[in-house]
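Numbering (this note's numbering), first residue to last: 129 to 441. No residue lacks a Cβ here, since even glycine has one placed at the ideal position from N, Cα and C.
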């Protein structure tokens, strides 16, 4: 049996599928997902899940419309939960042995005891290649961030380094955070990165301004309250809202910024919804909120929550 890192396996797949039986596992579930996506581009696959293995047992591999699909057992890490009895494990393993080809994909790392247990030991004996989805080393992750953010021309090296430092999770988290940064309408400074990445995933900072524009007061107040309780700096939040409104005003007046298409479409939609006149009124309210906090006339919480009750029509 050959063992490959997922990056090596992905290169091999560019030449076509040369293995009939594969087991892929590892901590970096994003890479496992990418492997399966690439596999589905070159071969029709049929997925089976641990909680419904009867469907796998009924799989014949025949097709009326061309080559038979490749059976892929996804979330293989869950198999031990559903194959507790020896007879159940034996039935599953007999089915795998009867198949000319298959893929078992686990979306997590598996500890030594699990890998050496009866179930996975047998799977290892059957497969031609095992593929390991290991976490990216820091240098490789830094290169990914540079490549992803190369769509923007305003990202300085120190900002790239800060992003790499702040995003400590897996590649799913890296993708989500860099997608968020790509959509930011203003300059990506270190201060902005600190604010955006430190925000809890339960609240999307970019949506705050859209909630305000749509008059969804309750949601706006709830999200502002949550952000402040998590330690967000009020003046930074106001600054973000000001930056977004300026971009919306420019977009409404026919001068949209250069942004990725998805972010630009959303900006154009809300630019039309807000309009130049309302946008200028909202920007004035934000400037007043900023001034009131800086001069001590209002707390950050008071200034931000007060925006929900101001009229800018």
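| Query | Result |
| --- | --- |
| Tell me which residue opens and which closes the alpha helix (DSSP H) that residue 423 is part of. | Neither: residue 423 is in no alpha helix (DSSP H) and is coded neither H nor E. |
| Flag this pair as yes or no: are the beta carbons of residue 129 and residue 255 separated by less than 8 Å? | yes |
| Taking the C-alpha atoms as reference points, what is the distance between residue 133 and residue 358? | 39 Å |
| For residue 229 versus residue 149, is the C-beta spacing smaller than 8 Å? | yes |
| Quick one: Cα of residue 233 to Cα of residue 221, how far? | 15 Å |
| Please look up how many angstroms separate the CB atoms of residue 144 and residue 173, rounded, as I've assumed it's under 8 Å. | No, residue 144 and residue 173 are not in contact; Cβ-Cβ is about 15 Å, not under 8 Å. |
| Look at residue 309 and residue 337 and say whether their C-beta atoms are less than 8 Å apart. | no |
| Below 8 Å on the Cβ atoms is my contact criterion, and I expect residue 158 with residue 282 to pass it. Report the Cβ-Cβ distance as a whole number of Å. | The pair is not a contact, with the Cβ atoms about 27 Å apart (cut-off 8 Å). |
| Compare the C-alpha of residue 441 against each of 161, 166, 413 and 334 and name the closest. | 413 |
| Give the DSSP-derived three-state secondary structure of residue 199 in the structure shown. | strand |
| Would you tell me roughly how many angstroms separate the C-alpha atoms of residue 340 and residue 418, rounded to the nearest one? | 16 Å |
| From what residue to what residue does the alpha helix (DSSP H) around residue 398 run? | 389-402 |
| Quick check: the stretch 389-405 against the stretch 314-322, are at least 3 beta-carbon pairs closer than 8 Å? | no |
| Enumerate in chain order the residues of its own chain whose CB-to-CB distance from residue 372 is below 6 Å, with the five nearest sequence positions on each side excluded. | 313 and 337 |
| Can you tell me which of 302, 259, 253 and 152 puts its alpha carbon nearest to the alpha carbon of residue 442? | This structure cannot settle anything about residue 442, because the visible part of the chain is limited to 129 through 441. |
| Excluding the 5 residues preceding and the 5 following residue 287 in the sequence, name in chain order all residues of the same chain whose CB lies nearer than 8 Å to its CB. | 316, 317, 318 and 321 |
| Less than 8 Å between the beta carbons of residue 210 and residue 179, yes or no? | yes |
| Would the beta-carbon of residue 377 fall within 8 Å of that of residue 343? | no |
| What residue from 147, 375 and 280 has the CA that sits closest to residue 410's CA? | 375 |
| Which word fits residue 226, buried or exposed, when buried means at least 16 other C-beta atoms lie within 10 angstroms of its C-beta? | exposed |
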